[in-house]
Amino acid sequence: MPTEFISLTFPTQSTELDPIPNAKIDPEFLERYARNLDDYEYNYTLVPYDSSSFDPFTVGATIASKTKNLKIIIALRPNTLYPTVAAKALATLDQVSTCYLFLVKKFQRRQFGSILHRNLPEAAAEVKSTCMLTRCAHARREKKLSNGRAVVHFIAGGSDAEQAREGDFLDKEQRYSRLEEYIRILRRAWASPEPFDWEGEHYQFKQFRNLVRPVNGTGIPVSVGGSSEAAYRIGGALADIFGLWGEPLKETREQIDRIYAAAEAAGRAPGDRPRIWVTFRPIAAETDDLAWAKAHRTLELLKHNIAKGQGKVAADAPPPQNVGSQRLLEIAARGEVQDRALWYPTVTATNARGASTALVGSYQTIIDSLLDYVDLGAELISIRGYDNLNDAIDYGRYILPGVRKVLEERKKGQNGGTNGTSA
1 MPTEFISLTF PTQSTELDPI PNAKIDPEFL ERYARNLDDY EYNYTLVPYD SSSFDPFTVG
61 ATIASKTKNL KIIIALRPNT LYPTVAAKAL ATLDQVSTCY LFLVKKFQRR QFGSILHRNL
121 PEAAAEVKST CMLTRCAHAR REKKLSNGRA VVHFIAGGSD AEQAREGDFL DKEQRYSRLE
181 EYIRILRRAW ASPEPFDWEG EHYQFKQFRN LVRPVNGTGI PVSVGGSSEA AYRIGGALAD
241 IFGLWGEPLK ETREQIDRIY AAAEAAGRAP GDRPRIWVTF RPIAAETDDL AWAKAHRTLE
301 LLKHNIAKGQ GKVAADAPPP QNVGSQRLLE IAARGEVQDR ALWYPTVTAT NARGASTALV
361 GSYQTIIDSL LDYVDLGAEL ISIRGYDNLN DAIDYGRYIL PGVRKVLEER KKGQNGGTNG
421 TSA
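Numbering of the sequence shown is given in the UniProt record's numbering, commencing with residue 1 and proceeding in unit increments.
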């Protein structure tokens, strides 16, 4: 499959560099942000989750109503939603996210092109009316062929304190056991046409029948992330996508090998292994020198905001419990710069809270760095900056097209054309 790009959804104008305390959702900003991602041909946006965040399903449905092609990754903790409810909620989003794509295709192919310039509710009402009147079998077939846009990314939970804020007191081993059971229930709920019982360690129910099915009739892509043995085992066995944070090439290769080994141990064929998703925080500019100057300004602002109590992490935060953050801090202790452009002071400044590894350099340096990971086997690249909207636009203008151009040139070379390079 082609390399795809992921961004993160930001429903407010607050950033790590210019935080707005207790910011409320800004619908106009959310729409502008989502449409920019769609216009610049990002493939996915991740709707994040923690105990103090906005509801991801509401945000995801809003994004679906404002975009045409952007896939929506819902971050979900199993302790927050019963799996039968999650199965319906995700399938509902999958169906909702199909409607706009179907509307556009129908109007593009038929005589209704002018309606696309009106607002979505008005256009959607006319499509609904038209379909109700004609009961067009062709339209129904086409809708089935337009895959839904929902994806789910599971967070087993890496902090006991954070899990406890929402009443979850399971230990790490139990959380991963619950996650495995949760994914199996979802898969069955999406695929089973008949009611079924479940008697597991964490969930029990009788005669559940799901009438809210994903668009493809069988399932929604499932993503798992982490750097622990439990994450490798469960993600390797059950996930369609496996998420990693940005580490040096050697360590990333080792993690990919462990994920693939877990997939093989679970009986999955090489063509059925999880797709690898790697996340970075690029700090880019026209030249390397300008990018490094920008990186040091970014770091000073991060430290300043944390010292004022306005950062994503408290200045006196304890060491992280999750293996992924521990790994980042261990790598950071080896030196500030790793490989071509990986920069770790952003990791240490934020106590490795979430995806925090920066890539620093010119647009071309960032392109070349990302291609290094594509060559390792990463099929999904997540990039988000510190100046949220402006960085997303910059990446869309310079980095996404640059990576895609090189990959297209390589493809042509493999098919007998001229070999492409990243130089």
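Even for Gly, the Cβ is constructed at its ideal location relative to N, Cα and C.
Quick check: the Cα distance between Gln-255 and Trp-198, rounded to an integer number of angstroms? 33 angstroms
Local Cβ density within 10 Å of Leu-211, reported as buried at 16 or more and exposed below that: exposed
Other residues of its chain near Thr-3: CB distance less than 7 angstroms, five sequence neighbours each side excluded: Val-374, Glu-379, Ile-381, Val-403 and Leu-407
6 angstroms CB neighbourhood of Gly-396 in its chain, flanking five on each side removed: Tyr-40
In whole angstroms, what is the alpha-carbon distance linking Phe-10 and Gly-416? 43 angstroms
Under three-state DSSP, which class holds Ala-189? helix
For the pair the segment 242-254 and the segment 199-219, tell me if three or more CB-CB distances fall below 8 angstroms. no
Using a Cβ-Cβ cut-off of 8 angstroms, state whether Gln-310 counts as contacting chain C. No chain C appears in the structure shown, which is made up of a single protein chain.
Measuring alpha carbon to alpha carbon, tell me which residue in Gly-361, Ala-189 and Ala-352 is nearest Asp-339. Gly-361
Roughly how many angstroms lie between the CA atoms of Trp-292 and Ile-283, to the nearest whole one? 8 angstroms
Quick one: Cα of Ser-53 to Cα of Glu-166, how far? 12 angstroms
Need the endpoints of the alpha helix (DSSP H) that Lys-294 sits in, please. 288-307
Under the three-state reduction of DSSP, which class applies to Gln-326: helix, strand or coil? helix
Between which two residues does the alpha helix (DSSP H) harbouring Gly-60 extend? 56-66
To the nearest angstrom, how far is the alpha carbon of Pro-83 from that of Leu-186? 6 angstroms
Return the bridge partner residues of Gln-204 from the DSSP annotation. Glu-199
Mapping DSSP to helix, strand and coil, what is Phe-10? coil
Run of the beta strand (DSSP E) containing Thr-279, from where it starts to where it stops: 275-285
Contacts around Ile-74, its chain only, beta-carbon distance under 6 angstroms, and the 5 residues preceding and following it disregarded: Val-47, Pro-56, Gly-60 and Val-152
In the DSSP output, what is Gly-361 paired with across the bridge? Ala-284
I need the DSSP call for Glu-379, collapsed to helix, strand or coil. strand
Is it right to say Arg-178 is buried, meaning 16 or more other beta carbons lie within 10 angstroms of its own, or is it exposed? buried
Output the boundary residues of the beta strand (DSSP E) element that contains Lys-71. 71-76
Alpha carbons only, please: which of Ile-259, Arg-32 and Gly-243 is nearest the one belonging to Val-222? Gly-243
Confirm, please, whether the CB-CB distance from Ala-269 to Tyr-232 is below 8 angstroms. no
Secondary structure at Val-215, three-state DSSP: helix, strand or coil? coil
Separation of Tyr-344 from Asp-391, as counted between CA atoms: 19 angstroms
Please report the Cβ distance between Leu-359 and Ile-367, rounded to the nearest whole angstrom; I am assuming they are in contact, meaning their Cβ atoms lie under 8 angstroms. Not confirmed; about 10 angstroms, so no contact.
Looking only at C-alpha atoms, which of Gly-148, Ala-91 and Ala-239 sits nearest to Asn-69? Gly-148
With DSSP as the reference, label Lys-143 as helix, strand or coil. Note that Lys-143 scores 40 on pLDDT, short of 50, meaning its location in the model is unreliable; the coordinates nonetheless yield the value given after this. Helix, per DSSP.
Around the C-beta of Pro-214, are 16 or more other C-beta atoms found within 10 angstroms, so that it is buried, or is it exposed? buried
Whether Ser-227 touches Gly-311 by CB criterion (8 angstroms): no
Would Thr-45 pass as a contact of Ile-63 if the rule is Cβ separation under 8 angstroms? yes
Quick one: using the 10 Å Cβ neighbour count with 16 as the cut-off for buried, is Gln-163 buried or exposed? buried
Hey, could you find the ends of the alpha helix (DSSP H) Tyr-232 is sitting in? 229-238
Could you pull the start and end residues of the alpha helix (DSSP H) that Ala-341 belongs to? Unbroken run through Ala-341: none, as it is neither H nor E.
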